[in-house]
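Residue numbers (UniProt numbering): 1 to 196. Don't be surprised by glycine CBs; every beta carbon is placed ideally from N, CA and C. Since the model is a prediction, treat every value here as computed from it, not as a measurement. As structure tokens, the structure follows; a few thoughts come after it.
Shown next as structure tokens:
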């Protein structure tokens with residue numbers, strides 16, 4: 001989910017962040033769109049899933065992405081906006097082609113910001129899984145298997161022990177993924193890609 005969101009929103013965020021005129025217009029638009037609660041879209045998404053026969057296993061990924069994509073976008077915009085003008089001018093004066101400019105300037109400059117967005121998006125996705133793996137709209141009910149569905153079912157029937165187990169497992173997964181993946185990636189970013 002982070003990977004797919006990054007494929008879409010990193011180029012958009014860089015485009016917005018590196019163009020001050022566009023940034024002044026688009027930042028408020030993005031903030032308004034991000035403030036809209038993604039769970040309001042869930043009933044409409046469910047109707048779309050049902051019409052197109054999309055399994056909620058895949059659909060829940062879309063629903064989680066709706067709530068977490070903004071973390072990637074905001075942080076990438078901030079990272080791209082922070083690229084010093086002299087480095088941008090240097091890239092222009094060397095006439096770097098687009099691929100080389102992304103490899104040598106843009107990606108190193110935004111990597112730390114992307115990591116911050118990724119950490120936040122990953123945590124948000126775990127939270128969103130609780131509401132996106134079981135979706136009810138009127139008499140329509142869609143569910144998939146997952147930790148979020150497990151927690152939702154346990155909470156619905158009032159099983160405190162299963163709810164506690166589910167939340168504990170989710171918390172452990174989040175802490176372990178932060179410690180084993182995101183923190184080392186953040187440290188690497190701080191050592192390797194510092195703009196000073």
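Apart from the five residues just before and just after residue 69, which ones in its own chain have a Cβ nearer than 8 Å to its Cβ?
Cβ neighbours of residue 69 within its own chain (closer than 8 Å, five residues either side excluded): 5, 8, 9 and 121.
The beta strand (DSSP E) that contains residue 134, what's its start and end?
134-137
Residue 140 and residue 50: beta carbons closer than 8 Å?
yes
According to the Cβ coordinates, are residue 71 and residue 117 closer than 8 Å?
yes
Bridge-paired residues (DSSP) for residue 140:
137
Assign residue 150 to buried or exposed, taking buried as 16 or more other Cβ atoms, counted over all protein chains shown, within 10 Å of its Cβ.
buried
With DSSP run on the structure shown, which of helix, strand or coil describes residue 86?
helix
If you follow the alpha helix (DSSP H) that residue 153 is part of, which residue opens it and which one closes it?
147-156
Could you pull the start and end residues of the alpha helix (DSSP H) that residue 9 belongs to?
2-17
Touching or not, the region 47-62 and the region 86-94, by the rule of three or more beta carbon pairs under 8 Å?
no
In whole angstroms, what is the alpha-carbon distance linking residue 198 and residue 184?
Residue numbering for the chain in the displayed model covers 1 to 196; residue 198 lies beyond these limits and cannot be assessed.
Distance between beta carbons of residue 132 and residue 148, contact taken as under 8 Å
With a Cβ gap of about 7 Å, residue 148 and residue 132 count as contacting.
Among residues of its own chain, excluding the 5 on either side of residue 126, which ones have a beta-carbon nearer than 6 Å to its beta-carbon?
170 and 174
Determine whether the beta carbon atoms of residue 119 and residue 52 lie at a separation below 8 Å.
no
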